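Heads up, the final residue of the sequence shown is numbered 177 in the working numbering, and it's a clean run with no missing numbers. Where is the CB? At the ideal position from N, CA and C, for every residue including glycine. Model, not experiment: these values are computed from the prediction. What follows is one structure encoded as structure tokens, with my remarks underneath.
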Amino acid sequence: MKKTQLLAVVLLLLLIGTFSCKKINELLTFEISDTQSFKIPATPLISSIPVVLPVPVTNRASETFSNNNTRADLVKDVKLSKLTLTITDPTTENFDFLKSIKISIGTDQNDKVVMAFLDDVPRGAQSIELTSTNTPLDKYIKAPNYTLYTEVAVRAATTKEITVKEETRFKVTADPL
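Below you can see the structure in the form of structure tokens.
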């Protein structure tokens, strides 16, 4: 009888411990969202050479870290959870001119790494979601500044400059203060 009670108590403690750890992890996991815009210049000729467009970003993640009761040095893991591109100007344009797109991230101290891509851009879309490479991005998001490098291969010429809004969402796991 006492063995059964002891076993029940041990199982209950294990169950509580399992759910507590999961709850703590959830409390220390949050998202950082950022929006940037970049321009794709008019490309009157189709070329097999990819076009690379660097976009410098001033990182505002420290504010998000503070709002979530942590700091950059306590961040354990950062992964891209979503990257969406939307054409904002001209509003009648779509991504038909793009064959493929790849977005990398880099800093002065760290090599650039690919964080998202789309090899076959669908026709007729004004908004596209890229596939994350699930590369760890901790050192980039902790940096005060980073650069996003958008590399595009075109399938058709464009006569106008195209403005694209890039919305990124990063999943962050960190220790508490």
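Determine the contact status of residue i and residue j, defining contact as a CB-CB distance below 9 Å.
i	j	result
GLU161	LYS39	yes
LYS102	VAL152	yes
ALA72	ILE32	no
THR70	THR163	no
PHE97	ALA157	yes
LYS99	VAL114	no
State the Cα-Cα distance for the pair residue i and residue j, rounded to the nearest angstrom.
i	j	result
LEU148	VAL57	7 Å
THR168	THR86	12 Å
PRO41	LEU177	45 Å
LEU118	THR135	15 Å
SER66	LYS76	15 Å
THR159	LYS171	38 Å
THR91	ASN59	28 Å
GLY124	ASP175	44 Å
ASN68	LEU28	8 Å
LYS23	ILE46	Below a pLDDT of 50, predicted positions are generally treated as unreliable, and LYS23, at 49, falls in that range; the measurement from the model is reported next regardless. Computed Cα separation, rounded: 53 Å.
PHE43	ASN110	The sequence as given places Thr at residue 43; Phe does not occur at that position. For THR43 and ASN110, the distance between alpha carbons rounds to 31 Å.
ILE49	LEU74	41 Å
Where does residue i sit, in a helix, a strand or coil, going by DSSP?
i	result
ALA157	coil
ASN145	strand
ASP138	helix
LYS23	Annotation note: pLDDT 49 at LYS23 (below 50); position unreliable, coordinate value reported separately. LYS23 falls in the helix class under three-state DSSP.
ALA61	helix
THR43	coil
ASP202	Past the boundaries of the shown model lies residue 202; the chain is included only from 1 to 177, so the question cannot be answered.
LEU53	strand
Sort the options by Cα distance to residue i and report the nearest one.
i	options	result
SER127	THR70, VAL75 and GLU166	GLU166
THR178	THR159, THR150 and LYS142	One cannot answer for residue 178 here, as it falls past the ends of the chain, which runs 1 to 177.
ASP108	SER100, ASN145 and ASP175	ASN145
VAL55	ALA157, THR35 and PHE30	THR35
SER132	ASN110, ILE105, ASN68 and LYS139	ILE105
LYS139	LYS79, PRO122, ALA157 and SER100	LYS79
LEU137	SER81, SER37, ALA156 and VAL52	SER81
LEU53	ASN110, VAL121, SER37 and ARG123	SER37
LYS112	ALA157, THR150, THR43 and ASP175	THR150
PHE30	PRO44, LEU45, VAL51 and THR64	THR64
ALA116	ARG123, THR84 and ALA125	THR84
Taking 8 Å as the line, does the beta carbon of residue i fall inside it for any heavy atom of the ligand COA?
i	result
SER104	For the ligand COA, the structure offers nothing, since it holds no ligand at all.
So within the segment 67-134, which uninterrupted beta strand (DSSP E) runs reach at least 3 residues, ignoring any that extend past its ends?
Contiguous beta strand (DSSP E) elements confined to the segment 67-134 occur at 75-89, 98-106, 113-118 and 127-129, taking only those with 3 or more residues.
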